[in-house]
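Taken in order, the sequence shown gives residues 37 to 174; the numbers are from my numbering.
This report concerns only the one structure given below.
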Amino acid sequence: MENIEINEFSAINMARCIGPFNCGEKDNLYWITAMAEELGEIAGAVKKLERGFNEREFLKLKSKYDSFTKSQNVPEPMYIDYLKYWENDRKKAMASEAADLFTYLNLFCQKNDIDLFKAVREKFNQVSVEMGCPEFKI
37 MENIEINEFS AINMARCIGP FNCGEKDNLY WITAMAEELG EIAGAVKKLE
87 RGFNEREFLK LKSKYDSFTK SQNVPEPMYI DYLKYWENDR KKAMASEAAD
137 LFTYLNLFCQ KNDIDLFKAV REKFNQVSVE MGCPEFKI
């Protein structure tokens, strides 16, 4: 996938919001709640990664794939295969929810006339100066 400019993303994001998604009139509470929900989903994926691949997770995956492996006459995956799949699936979930969070944040900022990247640059530079490392400015 090619890189997209933030202004182009913002325009497409808002057009989709106003058009087919019909959410153009939502208030700040809606957008904040939507962002909190997505952040919660990221937190859930992180919690599972921190807790680790345990017997419960193994049994859920195994039961999901048992019928497939038997019907396709393929050998049962090794434990390490389940573990790798599970870890990769958690990371994909985090990426997907982070994308949702960014999309909602972008809409929230547009609705409130906030230039997100200008605000990020100003805040980043301010904190760099406050923390005694002004060479790290953007």
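Every residue gets a Cβ at the ideal spot worked out from N, C-alpha and C, and that includes glycine.
Buried versus exposed, by CB contacts within 10 Å (16 or more), residue i
i, result
"C53", "buried"
"Y115", "exposed"
"A135", "exposed"
"A81", "buried"
"E133", "buried"
"E74", "buried"
"A70", "buried"
Supposed contact pair residue j and residue i - C-beta distance, whole angstroms, cut 8 Å
i, j, result
"L137", "I78", "7 Å"
"L143", "N49", "6 Å"
"I174", "F160", "6 Å"
Residue i (DSSP reduced to helix, strand or coil)
i, result
"M71", "helix"
"M37", "Low per-residue confidence applies at M37: pLDDT is 49, beneath 50, and the placement is therefore not dependable enough to give any value."
"E171", "coil"
"F153", "helix"
"A58", "Looking at the sequence itself, residue 58 is Asn, so the reference to Ala does not match. N58: coil per DSSP, three-state reduction."
"N64", "helix"
"N43", "helix"
"N148", "coil"
is_contact[residue i, chain D] using C-beta, thresh 9 Å
i, result
"M167", "The chain labelled as chain D is not found in the depicted structure, where only one protein chain is given."
- Task: Kindly provide the ranges of any alpha helix (DSSP H) runs that are 4 or more residues long and lie completely inside the segment 89-138, ordered along the chain.
- Result: Entirely contained in the segment 89-138, the alpha helix (DSSP H) runs reaching 4 residues are, in chain order, 91-107.
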